[in-house]
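0 is the number of the first residue of the sequence shown in numbering that gives the first Met the number 0; add one for each residue after it.
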Amino acid sequence: MRNTVATPAITPDQIDTSNARLEAEAVRDYAHLGEQLARRGIDVEAVLAEVMAFSVAVPSWGLGTGGTRFGRYPIAGGPNTLFEKIEDCAVIQQLTQATPRVSLHFPWDKVKDYDELKGFAAAQGLGFDAVNSNTFQDQAGQGLSYKFGSLTHADAATRQQAIDHNLECIEIGQKLDAKALTVWLGDGSNFAGQSDFTRALERYLDSMAVVYAGLPDDWRVFMEHKLYEPAFYSTVIQDWGTSILCAQKLGPKAQCLVDLGHHAPNVNIEMIVARLSQFGKLGGFHFNDSKYGDDDLDAGSVNPFQLFLVFNELVEAKSRDPHGFDPAYMLDQSHNITDPIESLMMSVGSIEQALTRALLIDRVTLRGYQDGNDPLMAHATLKEAYDTDVRPILKIARLRVGAAIDPVGVYRASGYRAQKAAIRITQGATGGGIV
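1. State the Cα-Cα distance for the pair TYR232 and GLY124, rounded to the nearest angstrom.
2. Can you list, in chain order, the residues of its chain whose CB lies under 7 Å from that of GLY172, leaving out five sequence neighbours each side?
3. To which residues of the same chain is GLN369 closer than 7 Å at the C-beta, ignoring the five residues directly before and after it?
4. Cβ atoms of HIS262 and ASP331: under 7 Å apart, would you say?
5. Leaving out five residues before and five after LEU36 in sequence, what residues of the same chain have Cβ atoms less than 6 Å from its Cβ?
6. Any idea which residues DSSP pairs LEU296 with across the strands?
7. How would you write the range of the beta strand (DSSP E) that SER132 sits in, first residue to last?
8. By the three-class DSSP mapping on this structure, what secondary structure does TYR145 have?
9. Please say whether TYR29 and ILE340 have beta carbons closer to each other than 7 Å?
10. Among PRO78, LEU306, ARG27 and ASN18, whose alpha-carbon lies nearest the alpha-carbon of GLN418?
11. By the DSSP assignment, the beta strand (DSSP E) with GLN254 in it spans what residues?
12. Which residues does DSSP pair with VAL435 in a beta bridge?
13. Can you tell which of THR157, PRO106 and ALA155 has its C-alpha closest to the C-alpha of ASN133?
14. If you pair each beta-carbon of the stretch 285-294 with each one of the stretch 355-362, do three or more pairs fall below 8 Å?
15. So the beta strand (DSSP E) LEU330 belongs to, where does it begin and stop?
16. DSSP state of PHE119, grouped into three classes?
17. Out of ASP405, ALA412, THR364 and ALA353, which one is the CA nearest neighbour of GLN96?
18. What's the gap between the Cα of SER17 and the Cα of ASP205?
19. Sort GLN93, GLY70 and MET329 by Cα distance to VAL55 and report the nearest one.
20. Using a Cβ-Cβ cutoff of less than 8 Å, which residues in the same chain neighbour CYS168 once the five nearest sequence positions on both sides are dropped?
21. Taking 8 Å as the threshold, find out whether the stretch 297-310 comes into contact with the stretch 346-353 through three or more Cβ pairs.
22. From ALA230, LEU354 and PRO264, pick the residue whose C-alpha is nearest to that of LEU308; which is it?
23. DSSP puts VAL182 in a beta bridge; with which residues?
24. DSSP on HIS152, reduced to helix/strand/coil?
25. Can you tell me where the alpha helix (DSSP H) with ARG198 in it begins and where it stops?
26. For PHE458, which residues from the same chain have a beta carbon less than 8 Å from its beta carbon, with the 5 sequence-adjacent residues on both sides left out?
27. SER188 by DSSP, collapsed to three states: which one?
28. Express the C-alpha separation of TYR415 and LYS146 in angstroms, rounding to a whole number.
29. Could you give the distance in angstroms between the alpha-carbon of ARG20 and the alpha-carbon of PHE69?
30. Going along the chain, which residues of its own chain have a beta-carbon closer than 7 Å to the beta-carbon of PRO215, five neighbours each way excluded?
31. Just the C-alpha distance for THR80 and GLY213, rounded to the nearest angstrom, thanks.
32. Considering only residues of the same chain and omitting the five flanking positions on each side of PRO229, which have a CB-CB separation below 6 Å?
33. My understanding is that THR380 touches PRO73, with C-beta atoms under 8 Å, so please give their C-beta distance in whole angstroms.
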């Protein structure tokens, strides 16, 4: 049994010392911003409360270095076990106080004793978010191959194997107090005529109906779509339209998960968010950013304005249903050339900025311009919120919840990565570095 008495990887003194150096300036900037927002009729303390209450889950698979199809460049001190990943997740939570949950992926994250895992995570101040199944890879010792599909495979025995895996993920999730299962599959085709589109989707629905029946009463299943990859001619659940149709067919516990990189170029993702929330089928997000396809870049690193527009729709949806609107927020990134801990903390900051800016939108004025057919001023109303420097709010939010005003700065000063490099075995570089 592992020691479940956690020793903070970064001491409170290290955070306090850094905050003491930055606090006075942060307080002055916050007061000045509060005066500016008051002239716009905005209560900065109300916005601050919303930011302090926000959280996003960290993916266990995001703590290791990712890669391209050509290679992977491991980082010294990278985690080799799930317990080491949990240690790294705890650092992110210590420094941001916005990532209290970890999303696990099976069978990658299987352990022998889930009570031990749960206790170890709890000692680090962490719980667990949605569990993710994997039927897009063949695992060692697996009886049947997913080369030609999993939940939609033409062979009933292969479909049953994939169903059983998802049901097992639910069982594991229950042991960890998770409340949702995320299902993404790579099923599709690479040649015209290889697959019957209709029959493949029928098999998916039949398989998912069995998985759905295995959900506890207080669980949800998130159905994740993806335009392409690994299948390049067709994908069974290729867009939000197919996803919502399947979710509606399966029942109220089935909802759609939006990964920001899983769309065709120039698709209006914020409109997808609006449509799914309007019909009660927006289950959650995998936050990242992209330039060409499913790049899994750091959230907000390429298109922060789009991230802001997504949160505009989320804030609007919550205003319509303040008690029932409850999407799950998760990060899903691949860190090929950066320290994963630093990238994940930067992404948390980008997401918090997008949320904060969306909370500053004057929605009464915006609706007036929309209904009055004044496109320029409607856009200007959005831009006024987006152009506001909201960093003072984020700094004070971190200060009040006991996080670091400068998370990356404290992390680098702590020497955490070097400490782990001295005790963890660095895995060698490999070809085919896709996570």
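Just so it is clear, CB atoms sit at the ideal spot from N, CA and C, and this is done for glycine as well.
Computed from a prediction, not measured in an experiment: that's the story for all the values here.
For this structure:
1. If you take the alpha carbons of TYR232 and GLY124, they lie about 44 Å apart.
2. Excluding its 5 nearest sequence neighbours in each direction, GLY172 has C-beta neighbours in its own chain below 7 Å: VAL130 and LEU180, listed in chain order.
3. Non-local C-beta neighbours of GLN369 in its own chain, meaning closer than 7 Å and more than five positions away in sequence, comprise ALA377, ordered along the chain.
4. No, they are not a contact pair.
5. Sequence-distant Cβ neighbours of LEU36 in its own chain, meaning closer than 6 Å and more than five residues away, are VAL43.
6. DSSP output for LEU296 lists ASP288 as bridge partner(s).
7. For SER132, the uninterrupted beta strand (DSSP E) run begins and ends at 130-132, by DSSP.
8. Assigned with DSSP and collapsed to three states, TYR145 falls in coil, not helix or strand.
9. The answer is no: Cβ separation not under 7 Å.
10. Measuring from the Cα of GLN418, the nearest candidate turns out to be PRO78.
11. Looking at the DSSP string, the run of the beta strand (DSSP E) that includes GLN254 is 253-258.
12. Lying outside 0 to 434, the shown extent of the chain, residue 435 is not represented and no answer is given.
13. Comparing Cα-Cα distances from ASN133 to each of THR157, PRO106 and ALA155, the minimum goes to PRO106.
14. No contact exists between the stretch 285-294 and the stretch 355-362.
15. That run of the beta strand (DSSP E) goes 327-330.
16. Residue state, collapsed to three classes: helix.
17. Measuring from the Cα of GLN96, the nearest candidate turns out to be ASP405.
18. Using only the alpha carbons, I get a separation of about 55 Å.
19. Comparing Cα-Cα distances from VAL55 to each of GLN93, GLY70 and MET329, the minimum goes to MET329.
20. If we look at CYS168 and ignore the five residues flanking it on each side, its Cβ neighbours are PHE105, VAL130, ASN131, SER132 and LEU180.
21. As far as the Cβ criterion goes, the stretch 297-310 touches the stretch 346-353, which means the pair count is three or higher.
22. Of the candidates ALA230, LEU354 and PRO264, the one whose C-alpha sits nearest the C-alpha of LEU308 is LEU354.
23. Answer by DSSP bridge pairing, in chain order: MET222.
24. In this structure, DSSP gives HIS152 a state outside helix and strand, which the three-state scheme calls coil.
25. 196-212 is the extent of the alpha helix (DSSP H) around ARG198.
26. Given a span of 0 to 434 for the chain in the structure shown, any question on residue 458 remains unanswerable.
27. Correct three-state label for SER188: strand.
28. Those two C-alpha atoms are separated by around 41 Å.
29. Their backbone Cα atoms lie some 44 Å apart in a straight line.
30. Answer for PRO215: GLN173, listed in chain order.
31. Cα to Cα, the separation comes out at about 29 Å.
32. Hits under 6 Å: GLY185.
33. With a Cβ gap of about 47 Å, THR380 and PRO73 do not count as contacting.
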